[in-house]
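Quick note: the sequence shown uses the working numbering, first residue 125, plus one each step.
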Amino acid sequence: MSYAIVRNEKLTRSEINGKGTHNDRKAKNHTNKDIDPTRTHLNYYIKKNELTYTKEFDKYMKENNLQGHLRSNSIIMCQMVFTSDQAFFDRIGEEETKRYFDECYKFICNYKNLGEKNIISAVVHLDEGAPHMHLMFVPVVHTKDKDGNNIDKICARDFWKGRDSYRQLQDAYFNHVKSKGFDLERGMFVEDTN
């Protein structure tokens, strides 16, 4: 049986451009030997970044009135990877694979009221291993300031608040793709797999 897989990684400013080099296939010589350059033309964007991730973030900060104090080691973006195994994608075919990643994108736009404007990039890779999508977003929380005014702020700690925040993500993601007709299983709990 195939599993619905989503992973999250929190990233600081110094880490995001390396992800961009990989995600946008900017490297001349890939350190990842699973990448098949003859298939890179098959990759596609659901949301394309025009600049490097650092410059996209700086532009994003200028355009949005976000609160919160950012330090040099602050988490400013998260990268999610959505996928399953190759057998699942072989079984559903090309059109349904595209729909699967479209649904993953819609899911994260709505997750915790994140909103599409906070997504920097979403690229589907079809040139290495099983198809997968890298989605970069700014972890924005909608909250209130000390005076009770509604504000948006960048805060990965609050976005992923609680010991079971990733379990909640896995549950919500599984329920979403299952409701859209994809025959997948939810992954096993960490307590069961150690």
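The beta-carbon is built from N, C-alpha and C at its ideal position, and this holds for glycine as well.
Report the three-state DSSP secondary structure of His146 (helix, strand or coil). Your numbering for residue 146 matches position 22 in the sequence shown. It is helical.
Provide the residue(s) that pair with Tyr168 in DSSP beta bridges, ordered along the chain. Counting from one through the sequence shown, the residue named residue 168 turns up at place 44. Partner(s): Val248.
Proximal residues to Ile98 (C-beta, below 6 Å), its chain only, five neighbours per side dropped: With the chain covering 125 to 318 only, the question about residue 98 has no answer from this structure.
With a threshold of 7 Å on Cβ separation, who are the neighbours of Phe306 within its own chain once the five nearest residues in sequence on each side are excluded? Counting from one through the sequence shown, the residue named residue 306 turns up at place 182. Cβ within range, chain order: Tyr224.
In chain order, each alpha helix (DSSP H) run of at least 4 residues that lies wholly inside the segment 210–257: 210–234
For a minimum of 4 consecutive residues, which ranges assigned as the alpha helix (DSSP H) are wholly contained in the segment 265–317? 280–283, 289–303, 314–317
State the Cα-Cα distance for the pair Thr136 and Gly272, rounded to the nearest angstrom. Against the sequence shown, residue 136 aligns to sequence position 12. Against the sequence shown, residue 272 aligns to sequence position 148. Roughly 29 Å separates the two Cα atoms.
The alpha helix (DSSP H) that contains Thr178, what's its start and end? The residue given as residue 178 occupies position 54 in the sequence shown. Counting along the chain, the alpha helix (DSSP H) containing Thr178 begins and ends at 177–187.
Beta-carbon separation (whole angstroms), Val205 vs Met257, contact threshold 8 Å: Along the sequence shown, one-based indexing puts residue 205 at 81. Along the sequence shown, one-based indexing puts residue 257 at 133. Indeed they touch by this definition, with Cβ atoms about 7 Å apart.
Could you please give me the residues that DSSP links to Asn132 through a beta bridge? Your numbering for residue 132 matches position 8 in the sequence shown. According to DSSP, which records beta bridges pairwise, Asn132 is partnered with Met204.
Rounded separation between Phe231 and Tyr297 - CA only: By one-based count along the sequence shown, residue 231 stands at place 107. By one-based count along the sequence shown, residue 297 stands at place 173. Cα-Cα distance, rounded: 7 Å.
Report yes if the CB atom of Asp251 is closer than 8 Å to the CB atom of Asp160, and no otherwise. In the sequence shown, residue 251 corresponds to position 127, counting from 1. In the sequence shown, residue 160 corresponds to position 36, counting from 1. Yes, these two residues count as a Cβ contact at 8 Å.
Could you name the residues of the same chain whose beta carbon sits closer than 7 Å to that of Asn242, not counting the 5 residues immediately before and after it, in chain order? Your numbering for residue 242 matches position 118 in the sequence shown. Around Asn242: Phe261, Val262, Val264.
From the DSSP output, read off the bridge partner residues of Leu259. Counted from its first residue, the sequence shown places residue 259 at position 135. Paired residue(s): Met204, Ala246.
Please classify Ser208: is it buried, with 16 or more other beta-carbons within 10 angstroms of its beta-carbon, or exposed? Mapped onto the sequence shown, residue 208 falls at position 84. Per the 10 Å Cβ criterion, buried.
In whole angstroms, what separates the C-alpha of Arg287 from that of Asn299? As a first step, residue 287 must be located in the sequence shown, where it is residue number 163. As a first step, residue 299 must be located in the sequence shown, where it is residue number 175. Using only the alpha carbons, I get a separation of about 20 Å.
Which same chain residues end up closer than 7 Å to Lys134 when comparing Cβ atoms and leaving out the 5 residues on each side of it in sequence? Taking the first residue of the sequence shown as position 1, residue 134 is located at position 10. Correct list, in chain order: Ile199, Cys202, Ala280.
Anticipated Cβ contact below 8 Å, Asn188 with Tyr290, distance rounded: Translated into positions along the sequence shown, residue 188 becomes position 64. Translated into positions along the sequence shown, residue 290 becomes position 166. With a Cβ gap of about 26 Å, Asn188 and Tyr290 do not count as contacting.
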